[in-house]
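*Asks:*
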Amino acid sequence: MYAPSFSTIAFWFALAPSAIASTGFVKPVWGKSRFESLIREGAFSDRSGLVSTIDKSRSAFMLISCPSQSGKTAMLSMLKAYYDPENSRDKKVLFASLNVGAEQHDPGREFGKHPVIDLSFRNIDRASFAGFQLSFSGKIHDLFRNFKMALDSSTKIPTEDRKKYQEIAQNLVNRSAEQAGMDFVFLTGLLERHYGQVANSREVIVLLDDYDNPASDASDDFVGTDVAAFLTRFFEVALKDNRSVYRVVFAGGEDRYKMLKPLGIVSRISVDSPHKAYCGLTEQQAKDMGAEEEELKKIPKLSTEPVVYRLKETIDILSHTSRD
Numbered sequence: 001m002y003a004p005s006f007s008t009i010a011f012w013f014a015l016a017p018s019a020i021a022s023t024g025f026v027k028p029v030w031g032k033s034r035f036e037s038l039i040r041e042g043a044f045s046d047r048s049g050l051v052s053t054i055d056k057s058r059s060a061f062m063l064i065s066c067p068s069q070s071g072k073t074a075m076l077s078m079l080k081a082y083y084d085p086e087n088s089r090d091k092k093v094l095f096a097s098l099n100v101g102a103e104q105h106d107p108g109r110e111f112g113k114h115p116v117i118d119l120s121f122r123n124i125d126r127a128s129f130a131g132f133q134l135s136f137s138g139k140i141h142d143l144f145r146n147f148k149m150a151l152d153s154s155t156k157i158p159t160e161d162r163k164k165y166q167e168i169a170q171n172l173v174n175r176s177a178e179q180a181g182m183d184f185v186f187l188t189g190l191l192e193r194h195y196g197q198v199a200n201s202r203e204v205i206v207l208l209d210d211y212d213n214p215a216s217d218a219s220d221d222f223v224g225t226d227v228a229a230f231l232t233r234f235f236e237v238a239l240k241d242n243r244s245v246y247r248v249v250f251a252g253g254e255d256r257y258k259m260l261k262p263l264g265i266v267s268r269i270s271v272d273s274p275h276k277a278y279c280g281l282t283e284q285q286a287k288d289m290g291a292e293e294e295e296l297k298k299i300p301k302l303s304t305e306p307v308v309y310r311l312k313e314t315i316d317i318l319s320h321t322s323r324d
């Protein structure tokens, strides 16, 4: 899949500023992916229609596989803000101007109705399988710690279950794929029970960012194979037939899609799918940018400083109007 390089972006901004300004792109902001911040800065490209796509999907599992730097993490941040029952009343204003909140300023019936487990696989040790397993176990341990305050206040959790989650939250142990999966199932059940009591919410939304990263970026093929087998088993145990889960959204590449096969039908959002608008770049746009990069190579003695200057200058005049 083609990912635009800096030189492509520099060409786009430096040599065709009028074309960019006329497209109505939102103000670009680099290094930020938190939905609330992007909304306040007028920098969120409205892809809130993804909520409807998820809610209407016949599959509980969805894979978002888009070009690099296309806003996958920002989309997951939006989904967390939308579904999470925490502070849902205060968050309504964030969606008022988006497509999902256009009708009577009502974000929708699922808004604030699903506790969210948000897990990124980006910073997991992949130098060795042993290092990966311990690092991944730490991720599961941290999930229990993150929800401990909310669960400690719950009156719907039996004493034995309370002792079990407190033990998991307090002690980091090396978990097998099966153990990690069963602990995950246990946590989703606790969250469904607790938030059903305090917020009249329903099953859990699970957001898994860079699900393929540990296997794809492992130190060697042997480690990558073992990591892929571990994650395949974890996904199967933790997510398949888990009645406490409403939807699972994976974000990452297509190369490791086979890790998701035990789950059955997985709906895909990519540049080749009917929902390609959510990817930021359509397949044709990616091809066009590749052609533009070839044109850039033909320009003699194009130095960096003028390009960066025009890039900054053009950013200041971009339209802030949100557009898919």
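All the letters of the sequence shown, read from the start, carry residue numbers 1 to 324 under the working numbering. The beta-carbon is built from N, C-alpha and C at its ideal position, and this holds for glycine as well.
1) Would you mind working out which of Ala130, Arg126, Gly112 and Tyr195 sits nearest Met149, comparing C-alpha positions?
2) What does the alpha-carbon distance come out to for the pair Leu143 and Ala238?
3) What distance in whole Å lies between the Cβ atoms of Leu207 and Phe147, which are believed to be in contact at a cut-off of 8 Å?
4) Which runs of the alpha helix (DSSP H) at least 4 residues long sit entirely within the stretch 133-211? Give them in chain order.
5) Under the assumption that Glu178 contacts Arg233 (Cβ atoms under 8 Å), give the Cβ distance between them as a whole number of angstroms.
6) On the DSSP letters alone, give me the boundaries of the alpha helix (DSSP H) that Leu38 sits inside.
7) For Val116, which of Gly138, Gly71, Ser88 and Pro274 has the nearest alpha-carbon?
8) Which same chain residues, not among the five before or five after Tyr83, have their C-beta less than 6 Å away from its C-beta?
9) Give the DSSP-derived three-state secondary structure of Arg89 in the structure shown.
10) Please report the straight-line C-alpha distance between Val173 and Asn99, rounded to a whole angstrom.
11) Which same chain residues, not among the five before or five after Phe230, have their C-beta less than 6 Å away from its C-beta?
12) Measure how close the beta-carbons of Ala330 and Met259 come, nearest whole angstrom, since I'm counting them as under 8 Å.
13) Can you give me the start and stop residues for the beta strand (DSSP E) that Asp118 sits inside?
14) Which residues in the same chain have their Cβ closer than 6 Å to the Cβ of Phe61, if we skip the five residues on either side of it in sequence?
15) Which class does Leu98 belong to by DSSP, given the choice of helix, strand or coil?
16) Output needed for Asn213: all residues of its chain with C-beta closer than 6 Å, excluding positions within five of it in sequence on either side, in chain order.
17) Ordered along the chain, which non-local residues of its own chain (more than five positions away) have a Cβ less than 7 Å from that of Asp210?
18) Taking just the CA atoms, how far does Arg34 sit from Ser77?
19) Which residue comes first and which comes last in the beta strand (DSSP E) that contains Arg47?
20) Sorted by chain position, which residues of the same chain lie with C-beta nearer than 6 Å to Ser135's C-beta, five sequence neighbours on each side aside?
21) Do you know how far the Cα of Asp241 is from the Cα of Ser59?
22) In the DSSP assignment, find the unbroken alpha helix (DSSP H) run with Ala60 in it and report its ends.
23) Just the C-alpha distance for Glu203 and Ala127, rounded to the nearest angstrom, thanks.
*Replies:* Here's the rundown:
1) Taking only the C-alpha atoms, the option nearest Met149 is Tyr195.
2) Going by the C-alpha atoms only, they are around 14 Å apart.
3) Not a contact, Cβ separation roughly 15 Å.
4) Runs found: 159-170 and 177-198.
5) Contact holds; Cβ gap of about 7 Å.
6) Here the alpha helix (DSSP H) through Leu38 covers Phe35 to Arg40.
7) Closest option to Val116, Cα to Cα, is Ser88.
8) Around Tyr83: His114, Val116 and Ile205.
9) In this structure, Arg89 counts as helix in the three-state DSSP scheme.
10) If you draw a straight line from the Cα of Val173 to the Cα of Asn99, it is about 44 Å long.
11) Taking C-beta separations shorter than 6 Å and ignoring five residues to either side along the sequence, the partners of Phe230 in its chain run Ala177, following chain order.
12) Only positions 1 to 324 of the chain appear in the structure, and residue 330 is not among them; the question remains open.
13) For Asp118, the enclosing beta strand (DSSP E) starts and ends at Val116 to Ser120.
14) Cβ neighbours of Phe61 beyond the five flanking positions: Val248, Leu263 and Val266.
15) In the structure shown, Leu98 sits in coil (DSSP, three-state: anything other than H, G, I, E or B).
16) In its chain, beyond the 5 residues on either side, Phe121 and Arg122 have a beta carbon closer than 6 Å to the beta carbon of Asn213.
17) Closer than 7 Å at Cβ, skipping near neighbours: Ser120, Phe121, Arg122, Ala251 and Gly252.
18) Here the alpha carbons of Arg34 and Ser77 stand approximately 6 Å from one another.
19) No beta strand (DSSP E) holds Arg47; DSSP gives it neither H nor E.
20) Answer for Ser135: Ile124 and Asp125, listed in chain order.
21) Going from the Cα of Ser59 to the Cα of Asp241 covers about 12 Å.
22) It is not in any alpha helix (DSSP H) - Ala60 carries neither H nor E in the DSSP assignment.
23) Answer to the nearest angstrom: the Cα atoms are 36 Å apart.
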